[in-house]
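Enquirer:
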Ligand code: FAD
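In our numbering, the protein residues as written are 254 to 716.
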């Protein structure tokens, strides 16, 4: 039986895989995408999108206090969390269907099934069907990491997957892991009235972010009544009649037992590299991840890997960018090499938001990089006061000699949008004076970005 041979067979339809399929089609390559679950991967189905839908609704609910400040009496007792849940599923399903349509529009077949590489240029599905490709692109993504003593049972101990599927709020939640996902869920639970204990082993929340900016978030979380423990380990857990007691140990061996109704473990994610046939084509993993070259080639010719299965930051926009580079390379174009880690924006959607790219001050100190920093508080931008979001700051590190922007860190309202002006400046090799002198509309939060650049030049006006 003759089989179609595609230019690229893509395994996985997450932000790496489906974008690869569309880009391949745009470049005139024949491609198919094989997916064992829903199109859109973790990001659209059990990650970025439903979590942002929950965050949005949490913020709408919490903003009832703004109405109360106007004298409007708000009865919050009618909250039906199952409706909140349903809306988050609707958002996920809409976008997952959107991926289906985009693939169709670009004439990229979406093949349902679990794929395994069974030889050079050959992918087999569980039902025995084979798909052939001149190139194979692995985009199988990642799944929540389990830690001993806190294994998921999907009832008492849950992962982010379980947290997104909750239809009822617990009275108390213990969140193990203060990274982006842990902080976002802490924000959601707290906004809806659940008592939150958030525990992070390293010395501040969002350990990869600049500690000074994260300090603003930690203060805000504590002010909102969350119990935040940093430099603290969860050492064990005992089930109780109604929930669990989690034992924690902080700095200097200080021990405490925390009673909770639900334990959410969000301590990282591991790559989906087992059972996809890497052995059949001689690809060896490193700590589970697939090592890749400048254009996301694996050690085996004709096989590429992108997204969460590689060891680059586990972010949807990184996954998509990597797939574009890989496919452009396969198409014989001359794409820029691997994503520059210093040019990747990070965004955390709690209140206040945190966003950044490039060098942070802690890393600069550790690495002995010479830098100057400029900061500007949100409260110096009139808009932040007018809209009652004056908590926050813009912080930029730059080279003391050349004034090149080395990194930027924003904490505050809309930080996840504002960061892009600074990232564009960095990638276009603009200097602080270029933004400092560009007219920004008044009143906007972007004025805080402009003022931080003026601060870099020593002439911030509103401080
Ligand atoms: P995935 O999205 O994991 O997709 C892989 C796909 O491959 C899946 O659909 C899977 O079913 C399929 N697959 C696996 N094995 C096979 C097989 N053998 N055969 C066929 N199909 C297979 N990132 C951000 O940038 N911003 C955010 O705000 C953000 N929020 C997040 C919130 C949460 C709660 C979580 C869990 C993650 C979040 N992320 C966020 C991370 C983001 O979701 C991932 O980085 C992104 O989904 C990775 O894309 P990917 O295509 O590499 O893999």
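All residues carry an ideal CB built from backbone N, CA and C; glycine is no exception.
(1) From what residue to what residue does the alpha helix (DSSP H) around residue 310 run?
(2) Run the proximity test for residue 285: is its beta-carbon closer than 7 angstroms to any non-hydrogen atom belonging to ligand 1?
(3) Round the Cβ separation of residue 389 and residue 556 to the nearest angstrom and send it over; I've been treating them as touching at under 8 angstroms.
(4) In the DSSP assignment, the beta strand (DSSP E) including residue 651 goes from what residue to what residue?
(5) Based on the DSSP output, what are the partners of residue 599 in its beta bridges?
(6) Ligand 1 and residue 304: does the residue's C-beta get closer than 7 angstroms to at least one heavy atom of that ligand?
(7) To the nearest angstrom, report how far apart residue 255 and residue 364 are at their CA atoms.
(8) Does any heavy atom of ligand 1 sit closer than 7 angstroms to the C-beta of residue 369?
(9) Roughly how far, in whole angstroms, is the beta-carbon of residue 526 from the beta-carbon of residue 538, given that I think they are within contact range, below 8 angstroms?
(10) Report buried or exposed for residue 320, applying the criterion of at least 16 other Cβ atoms within 10 angstroms of its Cβ.
(11) If I follow the unbroken alpha helix (DSSP H) through residue 442, where does it start and stop?
(12) Considering only DSSP beta bridges, list what residue 660 is partnered with.
(13) Kindly confirm or deny that the stretch 380 to 388 and the stretch 330 to 346 touch, where touching means at least three C-beta pairs closer than 8 angstroms.
(14) What are the uninterrupted segments assigned as beta strand (DSSP E) that are 3 or more residues long and contained completely in the stretch 320 to 399, given in chain order?
(15) Name the DSSP bridge partner or partners of residue 479?
(16) Measuring alpha carbon to alpha carbon, tell me which of 284, 260, 355 ends up nearest residue 292.
(17) Less than 8 angstroms between the C-beta atoms of residue 634 and residue 700, yes or no?
(18) Between residue 521 and the rest of its own chain, which residues show a CB-CB distance below 6 angstroms, the 5 nearest in sequence each way excluded?
(19) Determine, using beta carbons only, whether residue 426 and residue 410 come nearer to each other than 8 angstroms.
(20) Could you tell me if residue 648 is buried or exposed, where buried requires 16 or more neighbouring beta carbons within 10 angstroms of its beta carbon?
(21) Just checking my contact of residue 600 with residue 637 at CB under 8 angstroms: how many whole Å lie between their CB atoms?
(22) What separation, rounded to the nearest whole angstrom, lies between the Cα atoms of residue 405 and residue 651?
(23) Given a threshold of 16 other Cβ atoms within 10 Å of its Cβ, counted over all protein chains shown, does residue 801 qualify as buried or as exposed?
(24) Which parts of the stretch 494 to 579 are runs of the alpha helix (DSSP H), unbroken and 4 residues or longer, counting only runs that do not cross its ends?
(25) Looking only at its own chain, which residues have a Cβ that is under 7 angstroms from the Cβ of residue 475, when we skip the five neighbours before and after it?
(26) May I ask you to list the residues that DSSP assigns as paired with residue 285?
(27) With distances taken Cα to Cα, identify the nearest neighbour of residue 368 among 593, 382, 358.
(28) Roughly how many whole angstroms lie between the Cα atoms of residue 358 and residue 346?
(29) Whose C-beta lies closer than 6 angstroms to the C-beta of residue 707 among residues of the same chain, with five residues either side of it excluded?
(30) Under 8 angstroms by Cβ, that's how I've got residue 429 and residue 517 pegged, so tell me the actual separation to the nearest angstrom.
(31) Are residue 692 and residue 679 closer than 8 angstroms when you measure CB to CB?
(32) Beta-carbon separation of residue 451 and residue 603 under 8 angstroms?
(33) Taking only three categories from DSSP, how would you classify residue 633?
(34) Apart from the five residues on each side of it in sequence, which residues of its chain come closer than 6 angstroms, Cβ to Cβ, to residue 496?
(35) For residue 697, name the three-state secondary structure that DSSP assigns.
(36) Can you look up residue 642 in the DSSP assignment and give me helix, strand or coil?
Expert: Well, looking at it:
(1) 301 to 315
(2) no
(3) In this structure, residue 389 and residue 556 form a Cβ contact; the two beta carbons are roughly 5 angstroms apart against a cut-off of 8 angstroms.
(4) 646 to 651
(5) Answer by DSSP bridge pairing, in chain order: 609.
(6) yes
(7) Any reading at residue 255 must be qualified, since the residue scores a pLDDT of 47, below 50, and its modelled position is unreliable; the value itself is stated next. Taking the straight line from one Cα to the other gives about 18 angstroms.
(8) Yes, the beta carbon of residue 369 sits closer than 7 angstroms to at least one heavy atom of ligand 1.
(9) 5 angstroms
(10) exposed
(11) 433 to 444
(12) 611, 650
(13) No: fewer than three Cβ pairs fall under 8 angstroms.
(14) 363 to 365, 368 to 372, 375 to 378, 383 to 391, 395 to 397
(15) The bridge partners DSSP lists for residue 479 come to none.
(16) 355
(17) yes
(18) 398
(19) Judged by beta-carbon spacing, residue 410 lies beyond the 8 angstroms limit of residue 426, meaning their Cβ atoms are not closer than that value.
(20) buried
(21) Separation of the CB atoms of residue 600 and residue 637 is rounded to 19 angstroms, and the pair is thereby denied contact status at 8 angstroms.
(22) 44 angstroms
(23) The chain is shown only over 254 to 716; residue 801 falls outside these bounds and no answer can be derived.
(24) none
(25) 481
(26) 262
(27) 382
(28) 18 angstroms
(29) 689, 713
(30) Yes, residue 429 and residue 517 are in contact; Cβ-Cβ is about 7 angstroms, under 8 angstroms.
(31) no
(32) Judged by their CB atoms, residue 451 and residue 603 are not nearer to each other than the 8 angstroms cut-off.
(33) helix
(34) 513, 514
(35) coil
(36) coil
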